[in-house]
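Numbering (this note's numbering), first residue to last: 282 to 668. Note that beta-carbon positions come from the ideal geometry of N, C-alpha and C, so glycine has one too. Since the structure is predicted, the reported quantities are computational estimates derived from the model, not experimental observations.
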């Protein structure tokens with residue numbers, strides 16, 4: 282599904298209207314601080330990710346219309362805060378009315394019905410907020426050998442360190458918040474270090490391995506059956522060689538098919554590994570003792586990457602393992618060296634996952650690379666570099 286347009290009246294209680302037309306591939310949203318870039322991204326994502334009730338409650342607007350390749354969603358708020366009314370209209374692109382309900386805002390039955398309909402039409406998207414990744418370190422990760430420490434001066438206790446670290450609590454809080462906003466495969470990304478990346482890659486690797494193993498099991502049974510049939514064939518001597526060659530051809534076809542299944546199952550991880558070898562100083566990144574992306578010999582634990590490397594790895598992993606979906610990033614330049622800011626979008630496009638990118642940024646190193654894809658909110662970009 283592609284998002285083609287958004288129209289907003291009364292965003293953040295301003296009377297002006299905003300109308301933005303989107304590209305099917307790349308959308309670079311620029312504007313000064315306070316222009317509404319993040320709010321627009323959040324509003325779009327809330328409306329397409331089965332979080333419409335959050336858009337109604339959290340974001341000030343009078344009316345929003347989102348046009349996609351599958352449906353047109355209109356949400357209108359009216360009345361006072363205490364007696365507000367919301368009117369939700371959802372039409373298919375063929376003109377069929379899927380929903381048309383008006384009710385007091387606090388009821389939320391209309392928005393919940395809209396959530397249920399829209400999530401069936403699109404069940405996947407990715408949203409990276411600015412607080413997407415806490416670098417880690419500083420005793421944030423669980424420590425097996427962590428012991429209490431106590432410093433006493435005279436009779437006064439001047440330093441006490443408890444018998445636990447705060448890491449698990451922070452990660453649990455981030456996961457809880459992310460899971461609360463994530464519906465089906467609509468993913469809100471927020472984590473410490475690379476915890477979520479490890480989970481994502483391991484899950485994909487396990488799924489691919491399971492698929493290959495299941496096919497391999499069926500293939501083995503077929504090969505045994507073909508050999509058994511060959512042995513039971515009572516062919517004349519002149520036909521025996523012909524039958525043997527035919528059986529070997531069938532086995533070869535089966536093995537070739539298995540290789541293709543394996544290649545297809547691991548393709549996204551293979552492409553990801555090739556990119557990592559090209560971009561990262563460390564040619565390999567160790568997700569766990571069994572899974573290494575990139576060079577097996579020259580690898581480093583994902584936990585040991587720098588903040589910028591973790592950001593880049595995060596973008597590349599999610600883009601590799603999610604496809605054909607809206608992909609939102611708020612200020613991707615955070616922690617990224619300018620060289621990586623320049624190449625980020627190009628590398629993600631080269632992954633060929635057909636995602637539709639919505640990127641809010643202040644970085645001229647990003648938006649000057651795709652001037653024809655820039656969508657300015659307000660009249661100035663707000664960057665600090667003279668143009």
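Beta-bridge annotation (DSSP): residue 609 is paired with 408 and 639. Note: residue 657 is bridge-paired with 311 in the DSSP secondary-structure output.
Residue 603 sits away from residue 635, with the two beta carbons spaced by 8 Å or more.
In the three-state reduction of the DSSP assignment, residue 458 falls in the helix class, which pools H, G and I. In this structure, residue 409 places its C-beta atom within 8 Å of the C-beta atom of residue 610.
Annotation for residue 391: the continuous alpha helix (DSSP H) segment containing it runs 390-402. In this structure, residue 575 and residue 568 do not form a Cβ contact; the two beta carbons are roughly 10 Å apart against a cut-off of 8 Å.
Shown here for residue 577: same chain residues with a beta carbon closer than 8 Å to its own, the five before and five after excluded, namely 565 in chain order. Around residue 572, the same chain offers 482, 483 and 486 as residues with beta carbons nearer than 7 Å, after the five sequence neighbours per side are excluded. For residue 615, there is no enclosing alpha helix (DSSP H), since its DSSP letter is neither H nor E.
When secondary structure is reduced to three states using DSSP, residue 467 falls in the strand class.
Contact between residue 542 and residue 493 holds, with the beta-carbon distance rounding to 6 Å and staying under 8 Å. Restricting attention to 624, 332 and 531, the CA atom closest to the CA of residue 390 is found in 332.
In terms of Cα proximity to residue 362, the closest of 352, 375, 496 and 342 is 342.
Nearest to residue 551 by C-alpha distance, out of 534, 598 and 570, is 598.
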